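Residue numbers (my numbering), protein chains in the order written: chain A, 109 to 473; chain C, 96 to 342; chain U, 462 to 941.
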Ligand SMILES: Nc1ncnc2c1ncn2[C@@H]1O[C@H](COP(=O)(O)OP(=O)(O)OP(=O)(O)O)[C@@H](O)[C@H]1O
Ligand SMILES: [Mg+2]
């Protein structure tokens with residue numbers, strides 16, 4: 109197997125996979141998928157790295173899984189290519205609005221195992237899709253999915269992910285998207301689960317007026333480690349990208365945001381924006397941020413901002429002076445803090461799922 | 096009834112309140128005037144329980160209960176309301192959600208039934224109307240992007256809904272235009288009753304033309320240096336603090 | 462600052478005007494780096510045994526380490542055996558200013574740094590370093606009266622061995638990085654400053670570095686100690702002749718501030734940047750670091766970097782003492798084929814430590830300009846604050862501007878804020894200036910100076926004017 113990346117690599121300086129390396133993986137067990145949320149649209153379910161035919165709808169534009177060749181520089185993608193046996197292969201024809209699709213990835217077993225899914229999603233010109241991804245599990249496992257996305261001219265993909273892996277799980281997610289002229293990729297990830305997780309996005313804006321919005325909310329506690337890494341490459345003029353990452357860290361949690369905006373020579377009139385805010389709720393929580401700009405064109409507007417801090421004492425007092433007790437006041441301020449990252453999730457079903465998951469985050473000890 | 100007895104308080108090592116004695120019987124409105132930096136806001140924060148203020152001596156009884164031990168939210172439930180000199184902005188917190196959460200928290204603690212969304216909206220709309228505010232206020236985030244005057248009106252809106260027994264207005268008149276001053280005063284006067292009292296902190300007589308106080312106190316250097324009938328405010332206006340303190 | 466704002470005519474400068482060479486008999490050690498050379502340098506300076514050992518340790522660390530590759534710079538491999546590591550005017554070191562070689566005096570005069578005390582800038586004491594050695598230090602008596610020690614470091618080794626031994630390498634140890642190790646092994650001269658307890662240094666101190674000899678590396682070492690309650694403002698300027706090959710400069714600067722002490726360190730770096738095609742120019746690999754050891758101490762770095770073919774430099778602050786303050790104000794301009802990778806590190810260790818970073822990068826021509834910065838808040842640094850702003854301005858379609866900040870927070874009560882923007886000069890600003898009669902270049906000069914104002918205002922007056930001129934000169938030919 110290809111070796112795991114180490115902290116010596118600049119891209120991995122804040123995330124240490126040695127705990128994952130120490131695991132030895134056994135046979136992939138069979139999994140019984142527990143209750144799935146009600147969802148109006150079609151659904152596709154993966155259990156322990158395989159599609160569950162019984163639980164999945166027959167999708168209109170799906171194709172059979174075919175093994176992949178990997179040429180990218182990411183070593184995790186190579187491991188995925190060596191091991192992947194299934195995944196969603198979807199190709200929405202030009203002009204078709206495929207509506208909303210719920211994809212559930214569930215992993216569970218008694219002994220450690222690894223699941224490598226390889227998803228390929230292509231939207232033809234002006235096609236549309238909303239993909240809602242629910243990632244859950246039980247026990248110790250490594251979930252290492254790779255999703256390759258290709259959007260043709262004018263296509264729009266809305267991709268909403270809720271990562272609620274088991275507390276002992278490792279999740280390394282790689283998403284690569286090529287966006288053609290006038291197309292848009294809107295992404296939202298809520299990171300709530302896993303002992304260690306890394307969500308890594310590489311989005312290339314290849315045609316004029318392509319755009320992407322990458323949003324994430326990380327809610328971490330205990331000894332959880334959550335890493336959100338996003339690289340947006342502006343290869344054509346007049347493209348826009350936004351990255352908004354909010355992290356709420358309790359106990360001894362460790363949050364990471366690495367964001368890079370690359371503007372290639374000739375990509376004039378680029379509009380690039382990155383914002384990372386972290387809220388520390390405990391003395392032992394830590395946050396590392398590396399927001400990079402790499403710019404080779406002069407007529408661009410790029411900015412980034414980052415803040416790290418605790419809850420604002422003044423705001424807390426104001427709420428309490430109006431009769432709201434402390435835990436509720438804190439919860440209100442934390443919700444408010446996350447608001448900006450959630451704003452793009454306008455779909456009601458998806459919003460409901462997120463709110464429920466986050467509501468649970470407060471109440472479970 | 097509010098009774099402040101020989102209250103000393105400090106911020107860090109700095110003593111700000113140096114023995115305040117003040118009694119506001121229920122049903123009365125008292126004004127507090129005094130030079131910048133005298134300790135007026137400090138007093139209002141100490142009364143409402145803000146962190147960072149250490150009471151080194153003295154006590155504060157509200158309706159016979161020592162409130163200095165209470166958390167800010169419990170003082171609010173007990174009926175104490177502070178209209179902040181500088182209202183705080185809460186980005187991401189919707190005004191309607193904030194008002195309703197506060198109102199129901201207070202009602203719960205007072206043993207009153209909580210209001211559902213419909214009942215809440217009804218009373219909020221009524222209050223907004225009486226303060227001649229725009230209903231958009233409810234949709235916006237608390238005080239974010241509000242003008243100075245709008246923030247003060249928002250404080251009055253909260254007061255109208257929370258129906259306190261003791262209102263402390265810290266320079267609520269500053270930043271208000273002439274019409275707003277009248278409207279806000281009417282809001283306060285509407286609450287006046289034998290079971291309501293108020294401490295009105297201000298620098299200007301014109302507010303006291305609208306909210307006529309029963310007693311005027313002068314706070315200077317951390318102490319009440321003069322108290323008198325409403326005419327004292329006129330004297331202050333004419334002679335300044337130096338002249339009045341000396342008298 | 463408005464009184465130092467230059468008129469457009471003043472801003473319109475000329476090409477690199479410090480490119481001349483001085484013809485003077487030199488003593489050089491053989492080319493190349495070896496233990497032998499390290500011993501020769503130490504012997505030449507009649508150094509005590511401990512310092513020779515210190516250098517040899519550095520040499521061994523250097524041999525074991527590799528050149529760092531993480532910076533956003535590219536250059537052909539440097540052949541360290543092809544440089545001279547020691548070059549000095551052949552005449553014996555002068556005892557007083559009257560004995561300094563007239564050729565050298567003329568050189569410094571031409572550079573605008575008259576060493577003659579009567580003609581000198583009022584209120585500025587200068588240590589002039591020519592290739593590997595200090596050739597003159599002015600106003601020594603005035604300073605001595607105040608108890609301030611300001612002398613070449615080689616002299617300090619002889620005269621104040623205890624101080625040097627105590628502090629040398631205490632902020633930047635020999636093995637800190639590749640270039641620091643190189644410097645520690647072969648440093649030949651530089652300035653030493655000690656401000657005793659409670660003393661406010663009566664004048665600005667400054668060192669003027671000049672590389673003259675061909676194929677020569679300059680490895681100066683500066684050590685500044687401000688004892689309790691002391692204050693010093695220190696300026697550093699650099700130039701080099703126009704030569705086709707790349708000269709090497711690897712300096713180390715160490716600052717130590719005790720309780721309530723303040724050190725303000727300003728640099729105007731104008732080493733020869735190479736020609737328009739990227740031939741020649743200085744390779745500038747510098748390690749600068751200050752330790753705020755004491756309570757309420759403060760170290761403030763201000764730099765205007767316009768020269769050098771390559772700049773690799775991260776003046777940093779270790780904020781150890783409670784309430785200590787670190788500041789970094791930087792303007793870096795790159796044009797033609799220049800490459801700059803510069804920034805700072807703020808390490809917050811003590812309670813209530815504060816740091817401010819203001820960085821302005823301007824790239825033109827085919828150059829690349831990178832801001833690289835680290836803000837690290839350690840668990841004990843309760844109440845720490847950092848504010849960072851880094852702005853980049855691009856002029857032309859072939860240059861690059863990069864921002865690489867690292868923010869690491871391990872304390873709940875710390876507050877860290879970071880902002881960065883990248884933009885070009887707005888057409889409407891340019892048009893507005895031109896419609897008032899300014900030429901395109903003058904307009905750019907004005908706007909760039911405005912862009913850098915927050916940093917330039919931190920410079921002492923004499924330097925601010927110089928820096929403004931430099932900015933315009935450096936950007937010449939980048940527009941229109
Ligand atoms: N956090 C603080 N730390 C130190 N001193 C403070 C702090 N807050 C207030 N003070 C000082 O306490 C004194 C009283 O302040 P306060 O705000 O109570 O005055 P005030 O009477 O309300 O004045 P104004 O009429 O200007 O509103 C002032 O000298 C002020 O500077
Ligand atoms: Mg006040």
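Glycine included, C-beta positions come from ideal geometry on N, C-alpha and C. Only a predicted model underlies this, so the values are computations on that prediction, with no experimental measurement involved.
- By the rule that beta-carbons nearer than 9 Å mark a contact, residue 222/A does not touch chain C.
- Residues 651, 652 and 714 of the same chain have their beta carbon placed closer than 6 Å to that of residue 683/U, with the five preceding and five following residues left out of the count.
- Those residues of the segment 139-150 of chain C placed with their C-beta closer than 9 Å to a C-beta in chain A are 140, 143, 144, 145, 146 and 147, ordered along the chain.
- Within chain A, no residue has its CB atom less than 9 Å from the CB of residue 908/U, the nearest being about 14 Å off.
- Taking C-beta separations shorter than 6 Å and ignoring five residues to either side along the sequence, the partners of residue 408/A in its chain run 371 and 378, following chain order.
- In terms of side-chain proximity, the C-beta atom of residue 929/U is found no nearer than 8 Å to any non-hydrogen atom of ligand 2.
- Here residue 396/A is buried, its C-beta having at least 16 other C-beta atoms within 10 Å.
- Inclusion of residue 416/A and residue 438/A in the CB contact set at 9 Å is not warranted, their separation being larger than that value.
- For residue 126/C, no chain A residue has a Cβ inside 7 Å of its Cβ, as the nearest lies near 21 Å away.
- In the DSSP annotation of this structure, residue 424/A is not part of any beta strand (DSSP E); the continuous alpha helix (DSSP H) holding it starts and ends at 421-429.
- In terms of side-chain proximity, the C-beta atom of residue 265/C is found nearer than 8 Å to a non-hydrogen atom of ligand 2.
- DSSP places residue 563/U in the helix class (H, G or I) of the three-state scheme.
- Look at residue 935/U here: in three-state DSSP terms it is helix.
- Residue selection by CB proximity (closer than 5 Å to any heavy atom of ligand 1) returns 106/C, 111/C, 131/C, 132/C, 133/C, 134/C, 135/C, 136/C and 137/C in chain order.
- Rounded to whole angstroms, the gap between the alpha carbons of residue 262/C and residue 915/U is 46 Å.
- When CB distances to chain C are screened at a threshold of 9 Å, the residues of the segment 429-443 of chain A falling below it are 429, 430, 431, 432, 433, 434, 436, 437, 440, 441 and 443, in chain order.
- In this structure residue 307/A is buried. Its beta-carbon is surrounded by 16 or more other beta-carbon atoms within 10 angstroms.
- When the beta-carbon positions are compared, residue 449/A and residue 323/A come within less than 9 Å of each other.
- When DSSP reads this structure, residue 666/U sits in a beta bridge with 586/U and 695/U.
- In the DSSP assignment, residue 869/U falls outside any alpha helix (DSSP H) and lies within the beta strand (DSSP E) extending over 861-870.
- Residue ranges of uninterrupted beta strand (DSSP E) with 3 or more members, entirely inside the segment 749-790 of chain U and ordered along the chain, are 759-766, 771-774 and 777-780.
- For the segment 235-296 of chain C, the full-length alpha helix (DSSP H) segments reaching 4 residues or more read 243-257 and 273-286 along the chain.
- With a cutoff of 9 Å on beta-carbon distance, residue 172/C and residue 436/A are scored as not near each other.
- Per DSSP, residue 225/C is not a residue of any beta strand (DSSP E); the alpha helix (DSSP H) it occupies stretches across 212-225.
- In terms of beta-carbon proximity, residue 806/U stays away from the interface with chain A, with every pair separated by 9 Å or more.
- Beta-bridge analysis with DSSP links residue 613/U to 652/U.
- Following the DSSP letters along the chain, one finds residue 169/C inside the alpha helix (DSSP H) bounded by residues 167-173.
- Per DSSP, residue 193/C is one residue of the alpha helix (DSSP H) stretching across 190-204.
- The closest CA to that of residue 492/U, considering only 642/U, 788/U and 548/U, is found on 548/U.
- Non-local beta-carbon contacts of residue 568/U in its own chain, meaning distances under 6 Å to residues more than five positions away in sequence, involve 483 in chain order.
- The secondary-structure analysis by DSSP pairs residue 381/A across a beta bridge with 350/A and 411/A.
- Between ligand 2 and the CB of residue 127/C, the shortest heavy atom gap is not smaller than 8 Å.
- Between residue 326/A and chain C, the shortest Cβ-Cβ separation is not below 9 Å.
- Rounded to the nearest whole angstrom, the CA to CA distance from residue 895/U to residue 858/U is 22 Å.
- The beta strand (DSSP E) runs lying completely inside the segment 226-306 of chain A and spanning 3 residues or more are 226-231, 236-246, 249-251, 254-259, 264-272, 278-287 and 292-299, given in chain order.
- Residues 233, 234, 288, 289, 290, 291 and 315 of the same chain have their beta carbon placed closer than 8 Å to that of residue 261/A, with the five preceding and five following residues left out of the count.
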